[in-house]
Amino acid sequence: MKLLILDRDGVINHDSDAYIKSLEEWIPIPGSIEAIAQLSKAGWTVAVATNQSGIARGYYPLATLEAMHARLRALVAEQGGELGVIVHCPHGPDQGCDCRKPKPGMLRAIAEHYQVPLAGVWFVGDSKGDLEAALAVDAQPVLVKTGKGERTLAKGVPETTLIFDDLAAIARELI
30 MKLLILDRDG
40 VINHDSDAYI
50 KSLEEWIPIP
60 GSIEAIAQLS
70 KAGWTVAVAT
80 NQSGIARGYY
90 PLATLEAMHA
100 RLRALVAEQG
110 GELGVIVHCP
120 HGPDQGCDCR
130 KPKPGMLRAI
140 AEHYQVPLAG
150 VWFVGDSKGD
160 LEAALAVDAQ
170 PVLVKTGKGE
180 RTLAKGVPET
190 TLIFDDLAAI
200 ARELI
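Residue numbers for the sequence shown follow this note's numbering, so the first one is 30 and each next one is one higher.
Now the structure itself:
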C-alpha cells in the first residue's frame with residue numbers, strides 16, 4: 030500500500046491563527062485538492078491527521094468539522110479522486126491526550142486502520158509538531174512551505190525533513 034498522511038490546516042486548506050471555525054472559512058490552498066485527487070488516481074491512499082482543539086475550546090461544534098471534511102471529500106471526488114480516513118484530535122493542549130500532535134496517536138490510528146507500518150511513510154505538515162509526530166513513529170517528516178511552513182523552516186527542522194513548496198509539488202514528486 031502506498032500511504033501518504035497529511036496534516037490539514039496549512040497543507041490542504043488555508044490556516045488561521047484565529048482557527049478555521051466555519052465552512053466558509055475552510056478554503057483550499059490552490060492546487061491541493063487536485064494534488065490529492067491525482068495521488069489517489071495514481072494508487073496512493075491519502076489520509077489526514079489534524080489537531081482540532083477549536084472543538085475543545087468551544088469555537089465550533091463537531092458537526093462543523095464534519096461538514097468541512099464532507100466538503101473536502103466532495104471536492105476531491107469532483108476531481109476523480111478519493112480521500113482516505115480522516116482522524117482528528119478534538120482535545121486542547123492541556124488535556125493530556127496522546128492523539129494531539131506532536132504526540133503520534135493519530136498517526137498510529139491511521140496505521141491501525143490500514144494495518145500498515147509507519148516506518149518511511151511520508152507525513153506532510155507545516156509545523157514543528159507535525160515533524161515531531163512523524164519522527165516519533167519513524168515516518169518520513171515532510172514540510173510544505175504553505176501555512177506555517179515558512180515560519181517553521183526559519184526556526185530549523187530535523188535534518189531528515191523533506192521540504193516542498195506545497196502539496197502539488199509533493200504530488201508531482203510521488204507520481
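No residue lacks a Cβ here, since even glycine has one placed at the ideal position from N, Cα and C.
The structure presented is a predicted model; accordingly, all values stated were derived computationally and were not measured.
Look at Ser-82 and His-120 and say whether their C-beta atoms are less than 8 Å apart. Yes, they are a contact pair.
I need the straight-line Cα distance from Gln-67 to Gly-125, nearest angstrom please. In a straight line, the C-alpha of Gln-67 is about 37 Å away from that of Gly-125.
Pull up the CB-CB distance for Pro-59 and Leu-104, whole angstroms please, since I reckon it's below 8 Å. Not confirmed; about 12 Å, so no contact.
Among the candidates Ile-204, Asp-38, Tyr-143, Phe-193, whose CA atom is the shortest distance from the CA of His-117? The shortest Cα separation from His-117 among Ile-204, Asp-38, Tyr-143, Phe-193 belongs to Asp-38.
Nearest-angstrom Cβ-Cβ length linking Pro-133 and Val-171, presumed shorter than 8 Å: Not confirmed; about 15 Å, so no contact.
Can you tell me whether Asp-159 is helix, strand or coil according to DSSP? Three-state DSSP puts Asp-159 in a helix.
Evaluate Asp-123 with the Cβ neighbour count: other Cβ atoms within 10 Å of its Cβ, from every protein chain shown; 16 or more gives buried, anything less gives exposed. So Asp-123 ends up on the exposed side.
Given Arg-86, which residues of its chain have a CB within under 8 Å of its CB, disregarding the five upstream and five downstream residues? Correct list, in chain order: Tyr-48, Gly-121.
So the candidates are Lys-177, Ala-200, Val-77; which of them puts its Cα closest to the Cα of Leu-35? The shortest C-alpha separation from Leu-35 is found at Val-77.
List the endpoints of the continuous beta strand (DSSP E) containing Thr-79. First-last of the beta strand (DSSP E) with Thr-79: 73 to 80.
In the DSSP assignment, find the unbroken alpha helix (DSSP H) run with Ile-199 in it and report its ends. The continuous alpha helix (DSSP H) containing Ile-199 extends over residues 196 to 203.
How far does the alpha helix (DSSP H) with Gln-67 in it extend, from its first residue to its last? Looking at the DSSP string, the run of the alpha helix (DSSP H) that includes Gln-67 is 61 to 70.
For the alpha helix (DSSP H) containing Leu-91, name the first residue and the last one. Its alpha helix (DSSP H) spans residues 91 to 107.
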